[in-house]
Amino acid sequence: MIYITIEQILTKICCFFIFLATISYWGNLVRKDFFSLDKVAKSCMVLVFVSLTVFLLNRWFFSRHLPLSNLYESLMFLSWLLSLIHLVLDLKNKMNWLGSTIAPSILIIQIYATLFIPKDMQGAATLVPALQSQWLMMHVTLMLLSYATLLCGSLLSLTLLVLIFRKYQNFVESKASNFFDTQKDIYTGIENNSENRVFSLSINFRKFVLIQQLDQWSSRIINLGFICLTVGILSGAVWANETWGSFWNWDPKETWALITWIIYAIYLHTRINNGWRRKESAIVACSGFFSVWICYLGVNLLGIGLHSYGWLL
1 MIYITIEQIL
11 TKICCFFIFL
21 ATISYWGNLV
31 RKDFFSLDKV
41 AKSCMVLVFV
51 SLTVFLLNRW
61 FFSRHLPLSN
71 LYESLMFLSW
81 LLSLIHLVLD
91 LKNKMNWLGS
101 TIAPSILIIQ
111 IYATLFIPKD
121 MQGAATLVPA
131 LQSQWLMMHV
141 TLMLLSYATL
151 LCGSLLSLTL
161 LVLIFRKYQN
171 FVESKASNFF
181 DTQKDIYTGI
191 ENNSENRVFS
201 LSINFRKFVL
211 IQQLDQWSSR
221 IINLGFICLT
231 VGILSGAVWA
241 NETWGSFWNW
251 DPKETWALIT
261 WIIYAIYLHT
271 RINNGWRRKE
281 SAIVACSGFF
291 SVWICYLGVN
301 LLGIGLHSYG
311 WLL
């Protein structure tokens, strides 16, 4: 059918441009003087967003329902949300670190969706009776939006941890270097390290500003994701009561959604009340990163519970 051909072309276009964006973002981090790489990366991300948008609209038009009926469609929708979040945040704050983490995440999702999910599970299918409800758009969309925002915030926290570790390592190395340089100055009577020290202070200041930005934006994004996750869980409870006659069934996906909610609630609580910053809160956010993937993908891989639509095993 024609819509299948269109989807195949769009997925190939998406994979090509997201791969190019990943290479460009990483190359821009290595060589700051290559300003063209930043423009190439951002242009590629726009093309990725457009191709995913057309893909979802095409499937929505031919399937006559929101393209969230199976694992393949939800992965494509998750990729679209990640690209949308990237574009919105890039307009507000020019942060190349965000693109260097989101772009490879989308690339991994696209590779997994197109190569590892069986072809017979990639096609549009009729909704099962449990999904034929008006709650589908609200609940599933909110849950995927929460996954996307929480993953973005956690990736920024992971980047924050890497920078803090490198800053500490550079601090130790600079202390050792200054010690030996001082000893050398004593014996030679020459002090020629002032320029190097000024340069080192300038680099450390830029790292400090970047760490502050990452901490601020990761907190904001996680706050948004936590709100979406809360509303998504509540809407899912109402939908479960209408479909299965109970608000909560301790289904594996429900349980892991609750665990994820608790982890990020701890993250927000400690930042507000105990004043946690940077490393401690980033560690909690990184643990939430793995919890989100278990909640979203783990149930589908195992094929257990009431939410295992489109499982693989």
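Residue 167 in UniProt numbering sits at position 167 of the sequence shown; the count goes up by one each step and never skips. Glycine included, every Cβ here is placed at the ideal spot set by N, Cα and C. Remember, predicted model here, so these are calculated numbers, not experimental data.
Expected contact under 8 Å - CB spacing of residue i and residue j to nearest Å
i: V140; j: L68; result: 5 Å
i: L150; j: L229; result: 7 Å
i: I283; j: W256; result: Their Cβ separation, rounded to whole angstroms, is 20 Å, which puts I283 and W256 out of contact at 8 Å.
i: L160; j: I211; result: 6 Å
i: L145; j: C286; result: Incorrect: roughly 21 Å between the Cβ atoms, too far for contact.
i: Y72; j: A113; result: 6 Å
i: L82; j: I106; result: 5 Å
i: K279; j: I164; result: 5 Å
i: F62; j: A124; result: 7 Å
i: S51; j: I2; result: Their Cβ separation, rounded to whole angstroms, is 17 Å, which puts S51 and I2 out of contact at 8 Å.
Burial state of residue i (16 or more Cβ within 10 Å)
i: Y264; result: buried
i: M143; result: buried
i: R271; result: buried
i: G225; result: buried
i: residue 401; result: Nothing in the structure corresponds to residue 401, since the chain is present only between 1 and 313.
i: I18; result: buried
i: F49; result: buried
i: R64; result: exposed
i: M137; result: exposed
i: Q132; result: exposed
i: Q110; result: buried
i: F77; result: buried
i: S291; result: buried
i: S36; result: exposed
i: K92; result: exposed
i: T126; result: exposed
i: H269; result: exposed
i: W261; result: buried
i: I222; result: buried
i: V238; result: exposed
i: V88; result: exposed
i: N28; result: buried
i: L234; result: exposed
i: W250; result: exposed
i: N273; result: exposed
i: L98; result: buried
i: V209; result: exposed
i: N70; result: buried
i: L301; result: exposed
i: I85; result: buried
i: V299; result: buried
i: residue 315; result: Outside the displayed span of the chain (1 to 313) sits residue 315, for which this structure offers no information.
i: L115; result: exposed
Residue i, enclosing alpha helix (DSSP H) - first and last residue
i: F77; result: L71 to K92
i: R278; result: Here R278 belongs to no alpha helix (DSSP H), and DSSP marks it neither H nor E.
Residue i Cβ short of 7 Å to the ligand COA heavy atom set
i: V30; result: Because no ligand of any kind appears in the structure shown, any question about the ligand COA cannot be addressed here.
*asked:* For the pair the segment 240-250 and the segment 110-127, tell me if three or more CB-CB distances fall below 8 Å.
replied: Of all C-beta pairs linking the segment 240-250 to the segment 110-127, fewer than three are shorter than 8 Å, placing the two stretches out of contact.
*Flag this pair as touching only if the segment 207-226 and the segment 148-163 have three or more C-beta atom pairs under 8 Å; answer yes or no.*
yes
*Examine the Cβ distances between the segment 34-52 and the segment 13-24 and report whether three or more of them are shorter than 8 Å.*
yes
*Counting Cβ pairs closer than 8 Å, one from the segment 47-57 and one from the segment 3-15, do we hit at least three?*
yes
*Can you list the alpha helix (DSSP H) stretches of 4 or more residues lying completely in the segment 100-138, in chain order?*
none
*Complete runs of the alpha helix (DSSP H) confined to the segment 199-261 [at least 4 residues]*: none
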